[in-house]
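Asker:
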Amino acid sequence: MRSHLLNDATAEQYRRSVTEGVERVAAKLAATDRPFTGVTVDALSPRIDEIDLDKPLHDTAAVLDELEDVYLRDAVYFHHPRYLAHLNCPVVIPAVLGEAVLSAVNSSLDTWDQSAGGTLIERKLINWTCARIGLGPAADGVFTSGGTQSNLQALLLAREEAKTDSLAKLRIFASEVSHFSVKKSAKLLGLGPDAVVSVPVDHDKRMQTVALARELERCAKDGLVPMAVVATGGTTDFGSIDPLPEIAGLCEQYGVWMHVDAAYGCGLLASLKYRDRIAGIERADSVTVDYHKSFFQPVSSSAVLVRDAATLRHATYHAEYLNPRRMVQERIPNQVDKSLQTTRRFDALKLWMTLRVMGADGIGELFDEVCDLAAEGWKLLAADPRYDVVVQPSLSTLVFRYIPAAVTDPAEIDRANLYARKALFASGDAVVAGTKVAGRHYLKFTLLNPETTTADIAAVLDLIAGHAEQYLGESLDRAS
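Each residue of the sequence shown is one higher than the one before, counting from 723 in the numbering used here.
1) What span of residues does the beta strand (DSSP E) with isoleucine 894 cover, start to end?
2) In chain order, which continuous runs of the alpha helix (DSSP H) of length 4 or greater are located wholly inside the stretch 854-918?
3) Specify the secondary structure class of tyrosine 736 as computed by DSSP and reduced to three states.
4) For the beta strand (DSSP E) holding leucine 1164, just list the boundary residues, first then last.
5) Leaving out the 5 sequence neighbours to the left and right, which residues in its chain are closer than 7 Å to leucine 892 when beta-carbon positions are compared?
6) How would you write the range of the beta strand (DSSP E) that alanine 1025 sits in, first residue to last?
7) What first and last residue would you give for the alpha helix (DSSP H) that runs through serine 767?
8) Quick one: Cα of lysine 1158 to Cα of phenylalanine 960, how far?
9) Hey, could you find the ends of the alpha helix (DSSP H) valine 1159 is sitting in?
10) Taking the CB atoms as reference points, tell me whether threonine 832 and alanine 1031 lie closer together than 9 Å.
11) Measuring only the C-alpha atoms, how far is valine 1011 from glycine 989?
12) Within 10 angstroms of the Cβ of alanine 1006, are there 16 or more other Cβ atoms? Answer buried if so, exposed if not.
13) Assuming aspartate 983 and glycine 955 make a contact with CB atoms under 8 Å, what is their CB distance in whole Å?
14) Ends of the alpha helix (DSSP H) at phenylalanine 1089?
15) Given a cut-off of 9 Å on the beta-carbon distance, is the pair histidine 901 and threonine 957 in contact?
16) Bridge partners for valine 823 per DSSP, in chain order?
17) Let me know if asparagine 873 comes out buried or exposed under the rule of 16 or more other beta-carbons within 10 Å of its beta-carbon.
18) Could you give the DSSP three-state label for proline 1020: helix, strand or coil?
19) Whether or not the stretch 1082-1098 and the stretch 816-823 are in contact is what I'm after, with contact meaning three or more pairs of Cβ atoms, one per stretch, closer than 8 Å; do they touch?
20) Does any residue of chain D have a CB that is nearer than 9 Å to the CB of leucine 1170?
21) Buried or exposed: aspartate 1069, going by 16 or more other Cβ atoms within 10 Å of its Cβ?
22) So, with DSSP's three-state summary, where would you put aspartate 796?
23) Check phenylalanine 1147 in the structure and name its three-state DSSP category.
24) Please specify which runs of the beta strand (DSSP E), each continuous and at least 3 residues long, are wholly inside the stretch 908-968, giving them in chain order.
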């Protein structure tokens, strides 16, 4: 079994095995003509259930054949231009190369003596991102597993900086369309069930600053402690960007920690055309960025950044066997001193490879393309009498609802839209997402693929309408 260990004696075997796997994936990508096969849980589960993990195949080619049957054939392929559902992006080749390198070397980014150059590369990228945001010379941060962890860590720091003996008094303010991880974080941080105050949004799904000011004032009058305001730089449902400068002004007025969840909108940091849409982010105390959304990186690649590096001490613990306190005096850089994680992948390498091959402008051009595409898609929807579109996009998300000409019952329209999404997924022709707006079911395009065209959008809209009309026709038949 030692022949399977990656080392100097097995380097050639490693080369052959990885090449064989890459060739399989490359062939699959080249032949993929739709984002999904439409396979059902009931069809796929038995194929996986019948595999006996205690009986290995002892042959890479045979295992790859099996993998084709249970995974590659039926995977959802985000690179396809008609995958329009969630915040999943196609990935750039330099980042995939970085993934291959980091997996083979297998550095752990918790301590210097496990990563050396990897530590410095991650720190360089953190500094680069902080500079792009404009957080100032004292800024710092660390890579995380994703936006949920980044938001949790930011709110942990905010909780500690709030300096109160009564967790029950702490309040977090976030818009009613903010990410669910805000409420999840509050629970994990031991805050009360009323800790998160939901602030109304305007017609464009942006936090109403007048309402925020009212809630902050009420908090002060009630003897409560405002812990943090979470402003969103690109909501998951709408891509809306809260009015960051106005929110920053209120946070400064009331002495509240300002966190910006820019997991989605961080692509604007590299944008050549739309950087101004996220103006005000430089005034935040902490920021979440997800490179694996709008920097076209493989999952996972995220970071939490802070204006004041000293606040990261709230996540610092020392262990003699890992990062003893003396290492701080010896100026040995241990990333575990800043992180909620201990063992941690060298995900920063993917972004490093991307910047060194493509440059920030290359990333920005790709993100600008999807923002432009969303603007064109909005025009299509606004001009199409079959659809009601919610808001003009700030980023690359479109939320809309099929409205049949002859049906007025909102519940029946809900069912038609739900059916259309489900039928489209089952067909494999395209994948779209769904959400609720004012209690009604809507559909959603999240456009993160520069290869998607307006023709793709128009074709998918026709498919959705066709499925919805089929459902309504069958519904009328059943009723008659």
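Backbone N, C-alpha and C fix where the C-beta goes; we use that ideal spot for every residue, glycine too.
Answerer: Inspection of the coordinates gives the following:
1) Here the beta strand (DSSP E) through isoleucine 894 covers 892-897.
2) Those alpha helix (DSSP H) runs which fall completely within the stretch 854-918 and span 4+ residues are 869-884 and 903-910.
3) Looking at tyrosine 736 - three-state DSSP - the assignment turns out to be helix.
4) This sequence places tyrosine at residue 1164; leucine is not what is there. The continuous beta strand (DSSP E) containing tyrosine 1164 extends over residues 1162-1168.
5) Contacts found: Arg881, Ala884, Thr886, Leu913, Ala917, Val947 and Met949.
6) For alanine 1025, the enclosing beta strand (DSSP E) covers residues 1024-1028.
7) Residues 763-771.
8) If I take the Cα positions, the gap works out to 11 Å.
9) Per DSSP, valine 1159 belongs to no alpha helix (DSSP H); it is in the beta strand (DSSP E), 1153-1159.
10) Correcting the residue type first, residue 832 is aspartate in the shown sequence and not threonine. For aspartate 832 and alanine 1031, no; Cβs fall outside 9 Å.
11) Approximately 9 Å, taken between the alpha carbons.
12) Buried.
13) Rounded, the Cβ-Cβ distance is 7 Å, consistent with contact.
14) Segment 1082-1105, the alpha helix (DSSP H) holding phenylalanine 1089.
15) A contact, by the Cβ cut-off of 9 Å.
16) Answer by DSSP bridge pairing: none, since valine 823 is not bridged.
17) It is buried - the Cβ of asparagine 873 has at least 16 other Cβ atoms within 10 Å.
18) In this structure, proline 1020 counts as coil in the three-state DSSP scheme.
19) Taking a contact to require three or more Cβ pairs closer than 8 Å, the stretch 816-823 and the stretch 1082-1098 do not qualify as touching.
20) Considering every chain present, this structure includes no chain D. It has just one protein chain.
21) Counting Cβ neighbours within 10 Å, aspartate 1069 comes out buried, since at least 16 surround it.
22) Shown here, aspartate 796 sits in coil according to DSSP, grouped into three states, outside any helix or strand.
23) Note: phenylalanine 1147 maps to helix in three-state DSSP.
24) Considered as a whole, the stretch 908-968 harbours 918-921 and 947-954 as its complete beta strand (DSSP E) runs of no fewer than 3 residues, in chain order.
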